[in-house]
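In the numbering used here, the protein residues as written are 9 to 93.
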Amino acid sequence: MEIRNLRKQKTGVVVSNKMNKSILVVVHRKIKHPKYGKFINRTSKFMAHDEKNECNVGDTVCIMETRPLSKNKCWRLIEIIERAK
Numbered sequence: 009m010e011i012r013n014l015r016k017q018k019t020g021v022v023v024s025n026k027m028n029k030s031i032l033v034v035v036h037r038k039i040k041h042p043k044y045g046k047f048i049n050r051t052s053k054f055m056a057h058d059e060k061n062e063c064n065v066g067d068t069v070c071i072m073e074t075r076p077l078s079k080n081k082c083w084r085l086i087e088i089i090e091r092a093k
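In structure tokens:
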């Protein structure tokens, strides 16, 4: 049997759900500047597949890497961690 590689998981906030079965998730991370040592905020946007259209803007979600589903979409929704208030 073939052993499948572990798939990456990320946690972020939904910033758009206007598309059908798709969401846009922003992931924030802090990196340390190599020379000055100051921590810098970096953000990345990922398009994820939301099969049931259950996410709303502001929800905190967990996404997992998957095969390419479209030109920009290669992540899928695992769970909604916290609903927006």
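Virtual Cβ for every residue (Gly too), placed ideally from N, Cα, C.
Open item on the list: Assuming contact is defined by CB atoms lying nearer than 8 Å, are H99 and N49 in contact in what I supplied?
Closed with: Only positions 9 to 93 of the chain appear in the structure, and residue 99 is not among them; the question remains open.
Open item on the list: Assuming contact is defined by CB atoms lying nearer than 8 Å, are I89 and C70 in contact in what I supplied?
Closed with: yes
- [ ] Please go through the same chain and pick out, in chain order, the residues whose beta-carbon is closer than 6 Å to the beta-carbon of T68, but skip the five residues on each side of it.
- [x] V21, I89 and E90
Task: Range of the contiguous beta strand (DSSP E) that encloses C87 - done: At residue 87 the sequence reads Glu, which differs from the Cys that was named. First-last of the beta strand (DSSP E) with E87: K81 to E90.
Task: Between the CA atoms of I11 and D58 - distance to the nearest angstrom - done: 27 Å
Task: Whole-number beta carbon distance between R15 and M72, since they are thought to touch under 8 Å - done: 5 Å
Open item on the list: Going by DSSP, what residue range makes up the beta strand (DSSP E) through S24?
Closed with: Q17 to S24
TODO: Measure the C-alpha to C-alpha separation of K46 and A92 and round it to an integer number of angstroms.
DONE: 31 Å
- [ ] Return the Cβ separation of N13 and V65 in integer angstroms, given the expectation that the two are a contact with Cβ distance under 8 Å.
- [x] Not a contact, Cβ separation roughly 32 Å.
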